[in-house]
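Have a look at the structure below before the remarks.
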Amino acid sequence: MTEHISDIRQRFLSRRELLQGFAAASALATLAPASLRAQPSPRLPGSIGPGFREIGHDLTEGHRLSEEYRARVLIRWGDGLGGEEPTGFPLDSREQAQRFGYNNDFIAYVPLQGSERGLLCVNHEYPASHLMFPGNGTREETAGLEEDRVLCEMASVGHSVLEVQKTGEDWSAVSDSPRQRRLTATTPMGFTGPAAGHARMRTSGDPEGGRVLGLLSCCAGGKTPWGTVLIAEENFGSHFMGEPQAIMHSHPKEYAGMPGFGVNGAFSRWGRVDPRFDVTREPREINRFGWVVELDPNNPDSMPVKHTALGRFEHEGATVACEPGRPVVVYSGDDYENQYLYRFVSSRPYLPDQDGHNRTLLSEGTLYCARFHDDGRGEWLPLRFGEGPLTEANGFNDQGDVVIDCRRAATLLGATPMDRPEDVETNPVTGRVYVALTGNQNKPGPNAANPKPVNPSGHVLEILPPGSDGMRDHVSDSFDWDILFIAGDPGRDDALAGRYGGDVGDSGWLVNPDNLAFDVHGRLWVATDGANYQGFADGLWCMATTGGSRATPRHFFACPRGAELCGPEFTPDGRTLFVAVQHPASESGSTYDNPSTRWPDFREDTPPRPAVVAITHRDGDFIGD
Ligand code: FEO
Ligand code: CA
Ligand code: CA
């Protein structure tokens, strides 16, 4: 349904009132922004609200979910990729390299036989030595890790490919699948795009700058229509140690970027075992991380590639929007306070059934950053060397410099600082784009698209590329935007206040939206990361994005304490939902020896284990009905 332009203007007027309202918190209670009100489109796909009985806010040692549904653990950290249990914990590095990694995040289901059998492609974001090994104390006391534990950490990150099948109502890993694969911090991979072979990508171990070992901080990701998986490297700087000041004069560009990427060596000891991860000894190695990686999960012998044309920053995810005969669009947020939203547009078109051609599409194109105007319009600003401020006068010598120092380029162009852009997802029914902003307590001030002066609970933005629902043009350089909802408690008037489209009840409200997904009806599912400070568990909420219950979430699934929920992924038939429970028991003072929960095994000899859970309806219905 196409909105009338006068309705859009009216909503933008209300957005300004909303902005003023947050500046004066006492006014919040009386504000009911029109942009959050129901829209009169009850029959539009995507307008169907959740039909399940919701669960309450609580913080427990186990997971919880709506009573009409069942949840079964499919695979856990340390299991073999065919589901085989380990002989015991802790794991050594040799075992870990063969087994399901730590801190599962993004999940892609790639069908082999429809919604009954497929590949599960799972990211492993970061290790947690205090929960992986005995005797290490809390996270703050992890200095002095012995060498094999460092190697085990390096083997615990990256990505897993496993084959899964549904038998009756239960999903299990296939034990002898030839497609099983682990990618870790040492797996060889190549580069494409303007930074491939660039002088700033060359190291002592790779003088050509064309080959790198490993992928780091694999957070969210995406899928392409040609059957590959995109893996986003996020907080890669945290794996590096050393003294950035020591390279201030020898490598000024590398030095300049390091504070923003969190290089301080406080938690990582990897550089003691592998000098690549010591910035003092190998100052350019860090330039080889922070990219989007493309993996062909159907070919376990294929070499993954890092596509530098998509820019180097703390990529939360990489979501593809494209149609036959047109360029491929990839949306990606930079998950750091006051950083930006990006869009890549390929030079050449997507051609169905021409996989060889399609696998080259992400190597050449234009990267853009987003500017959100106060009037509800927005524009994509191209990051092209030689244009505007992206010149030698500002330290950019070529396009390789632009993509390596993407943040600095986007700042010079005037991109809008955001409240930590996490997942970006496109509604397959309407084509509208949704951006999870998880929160920002360290901002210079509000702007229209990030209206809270301080934002502890986050919000979700809606981007409307030109066109009508179902026919939106993601290639266009302009868009309209709206705020779908402000996360937080609707009963408060202070910085923790939330605002939704309707009455969310006691447990429909949420905080810190992180990962997003859509079901077959176009309903939005929001996974959270940060609720424990409010006294309840992170989990999953579902809502319509149009119609009478637009932006009115209902609570579906809750994690065990200390965990965040990641990777919500539906099978194509909409009847199975996979979720990744990440970092269970990650709480202050919680350790391997004395964890706050031993989910999911609850055995005294077994530590808490990040795990993927498969959720189905007890009657076989669509998830969410
Ligand atoms: Fe890895 Fe921004 O969550
Ligand atoms: Ca995330
Ligand atoms: Ca997260």
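Numbers 39 to 663, taken from this note's numbering, label the letters of the sequence shown in order.
Positions of the beta carbon are idealized from the N, C-alpha and C atoms, including for glycine.
- ASP372 has its Cβ no nearer than 7 Å to any heavy atom of ligand 3.
- Counting along the chain, TRP579 sits inside the beta strand (DSSP E) bounded by residues 577-581.
- Every beta strand (DSSP E) of 3 residues or more that sits fully in the region 593-624 is shown, in chain order, as 602-608, 614-620.
- A residue is called buried when at least 16 other Cβ atoms come within 10 angstroms of its Cβ; PRO342 meets this threshold and is buried.
- Shown here, PRO646 sits in coil according to DSSP, grouped into three states, outside any helix or strand.
- With a threshold of 16 other beta carbon atoms within 10 Å, ASN553 meets it and is buried.
- When distances are taken from the beta-carbon of ASP567 to the heavy atoms of ligand 2, the shortest one is below 7 Å.
- As DSSP reads the structure, CYS360 sits in no beta bridge.
- Using a 10 angstroms sphere on the CB of GLY452, the tally of other CB atoms stays under 16, which defines it as exposed.
- If you compare the alpha carbons of GLU460, VAL383, MET296 with that of GLU375, the shortest gap goes to GLU460.
- Residues of the same chain with a CB within less than 8 Å of the CB of LEU428, apart from the 5 flanking positions on each side, are LEU421, ARG422, PHE434, VAL440, ALA447, LEU450, LEU451 in chain order.
- Between ASN141 and GLU123, the C-beta spacing is not below 8 Å.
- GLU320 counts as buried, since at least 16 other C-beta atoms from the protein chains shown sit within 10 angstroms of its C-beta.
- By the Cβ-count criterion, ARG110 is exposed, with fewer than 16 other Cβ atoms from all chains shown falling within 10 Å of its own Cβ.
- In the DSSP assignment, GLU271 falls outside any alpha helix (DSSP H) and lies within the beta strand (DSSP E) extending over 267-271.
- Here ALA525 is near PRO551, since their CB atoms are less than 8 Å apart.
- Counting along the chain, ARG155 sits inside no alpha helix (DSSP H); it lies in the beta strand (DSSP E) bounded by residues 155-162.
- By the 16-neighbour rule on beta-carbons within 10 angstroms, GLY247 is buried.
- Membership of VAL250 in the beta strand (DSSP E) is indicated by the continuous run 249-251.
- ALA565 and ASP436 have their C-alpha atoms spaced approximately 39 Å apart.
- Of the residues ARG510, ALA533, VAL471, LEU502, the one whose Cα lies closest to the Cα of PRO484 is ALA533.
- Residue range 290-295 is occupied by the alpha helix (DSSP H) that includes LYS291.
- The alpha-carbon of PRO455 is positioned some 6 Å away from that of TYR378.
- Look at the region 413-452 and you find these whole runs of alpha helix (DSSP H), each 4 residues long or longer: 437-442, 444-451.
- When the alpha-carbon of SER385 is set against those of PHE410, ALA347, ARG310, the nearest one is in ALA347.
- Nearest to LEU157 by alpha-carbon distance, out of ARG588, ASP208, ALA146, MET279, is ALA146.
- Beta-bridge partners of VAL199 (DSSP): CYS159, ARG219.
- Taken atom to atom, the span from the alpha-carbon of PRO290 to that of CYS257 is near 28 Å.
- When DSSP states are grouped into helix, strand and coil, ARG110 belongs to the strand group.
- About 6 Å separates the beta carbons of TYR380 and LEU405, which is inside the 8 Å limit, making them a contact pair.
- For ARG386, the uninterrupted beta strand (DSSP E) segment begins and ends at 379-387.
- Under DSSP, MET509 takes part in a beta bridge, and its partners are SER506.
- Taking PRO528 as the centre and dropping the five residues before and after it, the same chain places the C-beta of ALA535, GLY536, ARG537, TYR538, VAL542, TRP547 closer than 8 Å to its C-beta, in chain order.
- Pairing VAL368 with GLY260 gives a Cβ-Cβ distance under 8 Å.
- THR357 is positioned such that its CB atom lies closer than 8 Å to that of VAL462.
- Straight across, the Cα-Cα distance linking SER167 with GLU191 is about 7 Å.
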